[in-house]
Each structure stands twice: as C-alpha cells, then as structure tokens.
Amino acid sequence: MPSGSDVLIRADGLTLGYGGPPVLHGVDLTIRAGEYWFLVGPNGSGKTTFVRALFGLVPVVAGRLWIDPERAGRARVGFVPQRWNLNPSLPTTVGEQVSLGLVGLPLHAGARTAAIARALDAVGLGGSERRDLWALSGGQRQRVLLARALVRDPSLLVLDEPEAGLDLAAERRLLDVLREIRRAHGVTLLHVSHDLESVHRYASHVALFAEGTVRGGPAADVVTRANVERAFAVTLGSEEPLP
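Put into structure tokens, the structure is as follows:
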C-alpha cells in the first residue's frame with residue numbers, strides 16, 4: 001500500500017492500452033481523499049481510457065495502478081455520466097431513477113427511502129421523489145444523475161462531463177453543488193471536462209492529458225500558459241489571460 005493513509009489512487013509509471021500502441025504511458029499520479037481533480041485535455045488524449053482503467057475495463061500494460069479497496073472499491077464509487085441514456089417516452093419518477101443507484105445493496109425499504117431522500121437533499125431537489133423526471137429542466141435532471149451516484153454514500157465520485165449541454169446558469173449550479181458535497185462530506189471528485197474556466201473556479205488539482213502522458217498536481221502548478229499551449233496545440237496571446 002502506498003504511504004499516506006489519505007491516498008485513494010496512485011499510478012506509478014502506468015501504461016495503458018488496448019493491444020496496439022499504448023494510449024497512455026509513464027503516468028505518475030497520486031490522488032488523495034477530499035481532493036477535487038479535473039481531468040482535462042484534447043479529445044483522444046486518454047482521459048476516458050484512464051477512467052475506464054479505474055473501473056477495471058482497460059488492462060494495465062506496464063507500471064502500477066493502486067486503488068484503495070476500502071474507500072475506492074466498486075461499492076464506494078459513484079459515477080455520473082454525461083447524459084441520460086433513457087427513452088423520454090417511458091414514464092419514470094425522480095425517486096425511481098435515484099433508487100437505481102442502490103442496486104446490489106442489502107437495504108430494507110425504510111433505509112432505501114431515507115437514502116434517496118438524503119441524496120436528493122444534497123443536490124437541492126429534496127421532496128421531488130414523485131415528480132416526473134422528464135418534467136424537470138436539463139440542469140435538474142443532471143442533478144438527479146448526481147443524486148443517483150450519491151445515494152450509495154460514495155467516497156469517490158467520477159464525473160464524465162456532466163455539465164455538457166447545460167446553459168451557464170445550470171452548469172454553475174451543478175458545479176456549486178459538487179463543491180458543497182466535497183466540502184460537507186469529504187467526497188473525492190474526479191471530473192472529466194474541457195472547460196478551463198471551471199477548472200480555475202473549482203479544481204484543487206488537475207491532470208492535464210496530452211501526447212500520451214499526464215501532467216498532474218495542484219491546479220495552479222499544472223494549468224500554466226506553457227502547459228495549456230502545449231497540450232491543446234494553441235498559441236495564447238501575451239495579453240490573453242488563462243481562464
């Protein structure tokens with residue numbers, strides 16, 4: 001086990017791939033409890049591959065990926081996808097959808113009801129269990145997805161661009177809720193995103209994916225002009241501030 005009782009995930013010289021040339025190589029990252037990590041980089045830079053590896057869906061080609069089995073094993077991880085994969089013509093309530101996050105947990109009916117209520121309270125949707133999911137706004141539906149992940153009382157939340165497609169107000173509301181969840185419950189967040197402005201506002205740490213490897217650490221150290229220009233193959237004017 002890595003030294004430091006607060007370490008949840010550690011990659012040492014990690015190489016990941018699908019049988020051909022590696023997608024990521026030489027990755028060194030240490031993720032500790034309570035941190036808010038943004039995973040950023042161009043499309044195809046390996047962000048999804050890294051996340052899939054955390055769930056055991058991509059093999060480790062070389063190096064080591066250590067995941068705390070008690071605090072970051074499958075039972076303690078919540079996942080928030082980018083969007084709903086449901087047919088909107090099918091009637092479903094908010095409570096029914098949040099309850100799906102409890103599948104596989106041996107809870108009696110009263111405990112399930114209480115867990116659903118707590119999760120909805122945490123995302124600012126308390127009392128909405130009986131509401132039609134499709135009657136909610138897009139931002140509210142994304143917070144239902146978040147509640148579905150929180151209902152398991154996870155110590156780690158993995159988020160795959162949950163703000164994609166939301167207007168600015170709904171995006172800001174969602175990110176504020178995530179920040180409060182981290183503050184109030186000590187949940188560790190891994191957030192795949194393309195939005196450097198959100199990184200500036202919310203991240204404690206950043207993993208910047210580019211050219212097959214990852215530069216990770218405190219946000220202020222990683223999101224520099226030189227690193228952003230290199231990762232995204234852009235040139236920022238001297239007068240153009242970083243987000």
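Numbering follows my numbering, in which position 148 of the sequence shown is assigned residue number 148; successive positions increment by one, without gaps.
Positions of the beta carbon are idealized from the N, C-alpha and C atoms, including for glycine.
Exposed or buried, which one is residue i when buried takes at least 16 other CB atoms within 10 Å?
| i | result |
| --- | --- |
| His108 | exposed |
| Asp68 | buried |
| Tyr202 | buried |
| Phe55 | exposed |
| Leu190 | buried |
| Thr235 | exposed |
| Val214 | buried |
| Ala119 | buried |
| Val177 | buried |
| Pro154 | buried |
| Gly78 | buried |
Is residue i helix, strand or coil by DSSP?
| i | result |
| --- | --- |
| Asp132 | strand |
| Phe232 | helix |
| Phe55 | coil |
| Gly20 | coil |
| Ala11 | strand |
| Thr224 | coil |
| Gly41 | coil |
Suppose the cutoff is 8 Å on Cβ atoms and the five residues either side in sequence are ignored; what does the same chain contact list for residue i look like?
| i | result |
| --- | --- |
| Val60 | Leu14, Thr15, Leu16, Ala53 |
| Leu174 | Gly139, Gln142, Arg143, Leu146, Pro162, Glu163, Leu166 |
| Gly26 | Gly13, Leu14, Thr15, Gly63, Thr213 |
For the alpha helix (DSSP H) holding residue i, just list the boundary residues, first then last.
| i | result |
| --- | --- |
| Tyr202 | 196-202 |
| Asp160 | Here Asp160 belongs to no alpha helix (DSSP H); instead the beta strand (DSSP E) covers 156-160. |
| Arg141 | 138-150 |
| Ala184 | 168-185 |
Checking contacts by CB at 8 Å: is residue i closer than that to chain B?
| i | result |
| --- | --- |
| Glu197 | Judged by its chain identifiers, the structure shown contains no chain B, having just a single protein chain. |
Just curious, the beta strand (DSSP E) that residue i is in, first and last residue?
| i | result |
| --- | --- |
| Thr30 | 24-32 |
| Thr188 | 188-192 |
| Ala210 | 205-210 |
| Pro218 | 213-218 |
Got a sec? Which residues, its chain only, sit under 6 Å from residue i by beta carbon, not counting five neighbours each side?
| i | result |
| --- | --- |
| Phe38 | His191, Ser193, Val199, Ala203, Val206 |
| Val80 | Leu145, Leu146, Ala149, Leu159, Pro162 |
Can you list, in chain order, the residues of its chain with a C-beta nearer than 7 Å to that of residue i? Leave out the 5 residues immediately preceding and following it.
| i | result |
| --- | --- |
| Asp28 | Ala11, Asp12, Gly13 |
**Asked** What residue ranges within the region 78-108 form continuous alpha helix (DSSP H) runs of no fewer than 4 residues, ordered along the chain?
**Response** 94-99
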